[in-house]
Amino acid sequence: MPRTPRRPKATIVALANQKGGVAKTTSVASLGAAFAEAGRRVLLVDLDPQASLTFSLGIDPDTVEASVHDVLLGRAEVADVVHHCADGVDLVPSTIELAGAEAFLLGRPAREYVLREALEPVRRDYDVVLLDCSPSLGVLTLGALTAAQGLVIPMPCEMLSHRGVGQLLDTVADVTKLLNKKLRVLGILPTLYDGRSTHAREVLDDVGERYGLPVLSPPIPRTVRFAEAPAVGRSILATARTSKGARAYREVARQLLQVL
Ligand code: ADP
Ligand code: MG
Numbered sequence: 045m046p047r048t049p050r051r052p053k054a055t056i057v058a059l060a061n062q063k064g065g066v067a068k069t070t071s072v073a074s075l076g077a078a079f080a081e082a083g084r085r086v087l088l089v090d091l092d093p094q095a096s097l098t099f100s101l102g103i104d105p106d107t108v109e110a111s112v113h114d115v116l117l118g119r120a121e122v123a124d125v126v127h128h129c130a131d132g133v134d135l136v137p138s139t140i141e142l143a144g145a146e147a148f149l150l151g152r153p154a155r156e157y158v159l160r161e162a163l164e165p166v167r168r169d170y171d172v173v174l175l176d177c178s179p180s181l182g183v184l185t186l187g188a189l190t191a192a193q194g195l196v197i198p199m200p201c202e203m204l205s206h207r208g209v210g211q212l213l214d215t216v217a218d219v220t221k222l223l224n225k226k227l228r229v230l231g232i233l234p235t236l237y238d239g240r241s242t243h244a245r246e247v248l249d250d251v252g253e254r255y256g257l258p259v260l261s262p263p264i265p266r267t268v269r270f271a272e273a274p275a276v277g278r279s280i281l282a283t284a285r286t287s288k289g290a291r292a293y294r295e296v297a298r299q300l301l302q303v304l
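Here the sequence shown stands for residues 45 to 304, numbered as in our numbering.
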């Protein structure tokens, strides 16, 4: 009998920016749905104690029995806590308990590697794993950067919105040197973009050169559709299939698939 070839391991991509409100969670949900539409097997991991991703995929964090918190504490395997979501993606949910994981991990050796090791057993079950980071550069985000092969930095096209990107890139440089040589910055993802604003266009033109990074395109337009989607537990790709925002995320997903 010929042996079936083993499936390759999923590529793990972190979406991180220590600023809140830059559309990390929206981008994880939307890109995840776009990858699933394109036939990829997708796992999303909510690494924010605020559990916005969990909530926006239709799961009430208060009713979740086991979460990423239990995984990081070694009390559960990833495969045991996964939820299958309506958008065609799998989710490792978060709950407010995760706020305590940071303190727990601080007292552990090799804490930055805990997430990477936890994901290893399921990597052949997926093509892409997206990590939704919390708005900080704490232990959980360092763990995400250590587990990932790729980093996408969501960034609104607004004045001062890129303050902090330098600090994030310093952290990436440290992680690359000390913890994870495979980490590559895949690019800045311009979000909340208002094409009518001259200022937004200037920020968009300037940012790639300023940081020497690729800028993913098209920029994700600011539209009220995004505020509506989480209320029904689906991403904008399902609630507003043909909207400009959904099309922009599909195109960014298509580009990312070429470099993953
Ligand atoms: P983060 O995870 O970085 O904190 P979120 O994804 O939660 O950011 O987005 C912050 C807020 O901005 C949310 O209320 C979300 O619905 C809204 N939002 C995200 N992307 C867009 C967009 N393209 N247009 C309009 N509102 C958006
Ligand atoms: Mg978020």
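Note that beta-carbon positions come from the ideal geometry of N, C-alpha and C, so glycine has one too.
Worksheet entry | Straight-line gap, residue 116 to residue 135 (C-alpha atoms, nearest Å) | 15 Å
Fill in: Backbone CA spacing between residue 232 and residue 106 [nearest angstrom]
33 Å
Worksheet item: If you draw a straight line from the C-alpha of residue 121 to the C-alpha of residue 246, how long is it?
Response: 46 Å
Practice prompt. Using alpha carbons as the reference points, say which of 253, 209, 215, 264 lies closest to residue 236.
Written response: 264
Fill in: residue 270 Cβ short of 7 Å to the ligand ADP heavy atom set
yes
Practice prompt. Take residue 73 as the anchor and find which of 293, 230, 304 has the nearest alpha-carbon.
Written response: 293
Worksheet item: So is the beta-carbon of residue 185 under 7 Å away from any non-hydrogen atom of the ligand MG?
Response: no
Practice prompt. Using the DSSP secondary-structure output, state which residues sit across from residue 58 in a beta bridge.
Written response: 175, 195
Worksheet item: residue 228 lies in the beta strand (DSSP E); which residues open and close that run?
Response: 228–235
Item to complete: Identify every run of the alpha helix (DSSP H) within the segment 206–281, keeping only runs that are complete inside it and at least 4 residues long; order them along the chain.
Response: 209–222, 242–255, 269–272
Practice prompt. Could you spell out where the alpha helix (DSSP H) holding residue 90 opens and where it closes?
Written response: Residue 90 -> not in any alpha helix (DSSP H); beta strand (DSSP E) instead, spanning 86–91.
Discussion item. Helix, strand or coil for residue 135? Go by DSSP, reduced to three states.
Written reply: strand
Worksheet item: Are three or more beta carbon pairs between the segment 156–163 and the segment 175–194 nearer than 8 Å?
Response: yes
Item to complete: Indicate, with yes or no, if the ligand MG has a heavy atom lying under 7 Å from the CB of residue 226.
Response: no
Discussion item. I'd like to confirm something about residue 68: is its beta-carbon nearer than 7 Å to some heavy atom of the ligand MG, or not?
Written reply: yes
Fill in: Any non-hydrogen atom of the ligand MG closer than 7 Å to residue 114 Cβ
no
Worksheet entry | Limits of the alpha helix (DSSP H) - the one that residue 125 falls within | 122–125
Item to complete: Leaving out five residues on either side along the sequence, give the residues of the same chain with a beta carbon under 6 Å from the beta carbon of residue 229.
Response: 195, 257
Worksheet item: Under 8 Å, do residue 139 and residue 95 count as touching if we go by C-beta distance?
Response: yes
Discussion item. Check for me: the alpha helix (DSSP H) holding residue 74 runs from which residue to which?
Written reply: 68–81
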